[in-house]
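**Q** Here the numbering used here is used: the first residue of the sequence shown is 77, the next is one more, and so on.
This is the structure I have questions about; it appears just below.
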Amino acid sequence: MSHRSCFLGGRIPLEVDTMVKQLKDLDKETFRRILKAVVNALEGKDCKESVKHITENMSLSEEQLSYILSGMYTLLREALRLPQIYLMLSVFLYFRIPEEFISDFASVVFGNRRSVLEAAALQQGTRLPGIEDFRWRVDVAISSSSLARALQPSILMQLKLSDGNVHRFEVPVVKFQELRYNVALILKEMNDLEKRSILKIQD
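This is the structure we're talking about:
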């Protein structure tokens with residue numbers, strides 16, 4: 077796969093690409109039942125019975141169903157991780173999803189249950205600790221040698237994380253300035269990106 081995606085990384089995941097191929101021969105009723113099972117899974121509910129019912133009553137092999145379930149779950153999970161401002165309805169066309177199914181995908185990503193799905197994802201996912209406090213100060217060490225005495229400034233930094241851990245480290249002033257520059261550059265690029273209408277949902 078050489079085609080690039082908007083929010084799934086450099087390449088469309090194999091499970092999403094395989095799912096799209098399976099959707100071409102899928103009827104609307106079966107699609108919606110599978111989608112409902114995936115949404116239940118994203119909400120943290122047990123969907124074994126609904127999946128079993130689909131397998132027993134629909135003309136799908138277990139292999140086909142597993143491809144579709146895996147692809148839907150990956151696609152929706154990644155879409156729900158991004159703020160809606162970065163998503164467009166046309167992104168589903170990019171993945172070559174059949175048009176008759178796009179509105180159903182969109183109702184999950186942009187609909188009323190999005191907040192419920194986001195909350196469930198936060199509870200289920202493993203979150204890294206956040207920064208509660210950050211302090212820094214300039215420290216000057218006097219270095220003496222037979223040739224000269226030199227002042228060598230450095231930056232002492234302390235991070236306090238939400239899990240209670242405290243990390244202290246020292247960096248040269250040059251590296252600290254590089255850090256400041258890179259953070260400022262990233263913030264500017266994020267601000268510029270948010271202003272681009274192409275990334276906003278159009279009415």
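Positions of the beta carbon are idealized from the N, C-alpha and C atoms, including for glycine.
#1: Does the distance from the CB of Asp-268 to the CB of Lys-236 come in under 8 Å?
#2: In its own chain, which residues sit with a C-beta less than 6 Å from the C-beta of Arg-211, not counting the 5 before and 5 after it?
#3: Classify Tyr-170: buried if its beta carbon has 16 or more other beta carbons within 10 angstroms, exposed otherwise.
#4: Provide the residue(s) that pair with Met-233 in DSSP beta bridges, ordered along the chain.
#5: In terms of alpha-carbon separation, which member of Leu-227, Glu-175, Ile-262, Pro-205 lies closest to Leu-99?
#6: Following a CB-centred definition, is Pro-89 positioned closer than 7 Å to any heavy atom of the ligand MN?
#7: If you draw a straight line from the alpha carbon of Gly-147 to that of Leu-204, how long is it in whole angstroms?
#8: Apart from the five residues just before and just after Asp-180, which ones in its own chain have a Cβ nearer than 8 Å to its Cβ?
#9: Tell me the DSSP bridge mates of Ile-207?
#10: Mind checking which residues open and close the alpha helix (DSSP H) that includes Phe-107?
#11: Quick check on the DSSP output: the alpha helix (DSSP H) that includes Phe-177 runs from which residue to which?
#12: Check the C-beta distance from Val-114 over to Tyr-149 and give it rounded, since I have them as a contact under 8 Å.
#13: Look at Val-247 and Ile-231 and say whether their C-beta atoms are less than 8 Å apart.
#14: Quick one: Cα of Arg-190 to Cα of Arg-213, how far?
#15: Taking all protein chains shown into account, do 16 or more other C-beta atoms lie within 10 angstroms of the C-beta of Ile-262, making it buried, or fewer, making it exposed?
#16: Of all the options Val-249, Val-92, Ile-207, which has the alpha carbon lying nearest to the alpha carbon of Leu-227?
#17: Leu-118 and Arg-153 look like a contact to me (Cβ under 8 Å); what is the Cβ gap, rounded to whole Å?
#18: What are the boundary residues of the alpha helix (DSSP H) that Ile-130 is part of?
#19: In whole angstroms, give me the CA-to-CA distance for Leu-193 and Pro-89.
#20: Taking the beta carbon of Val-283 as the centre, do at least 16 other beta carbons fall within 10 Å, making it buried, or is it exposed?
**A** With the structure as the only source:
#1: no
#2: Gln-234
#3: exposed
#4: Trp-212, Phe-245
#5: Glu-175
#6: As presented, the structure is devoid of all ligands, the ligand MN included, so that no description of it is given.
#7: 26 Å
#8: Phe-107, Arg-108, Leu-111
#9: Leu-237
#10: 104-118
#11: 175-186
#12: 5 Å
#13: yes
#14: 43 Å
#15: exposed
#16: Val-249
#17: 7 Å
#18: 124-133
#19: 21 Å
#20: Since the first and last residues shown for the chain are 77 and 279, residue 283 lies out of range.
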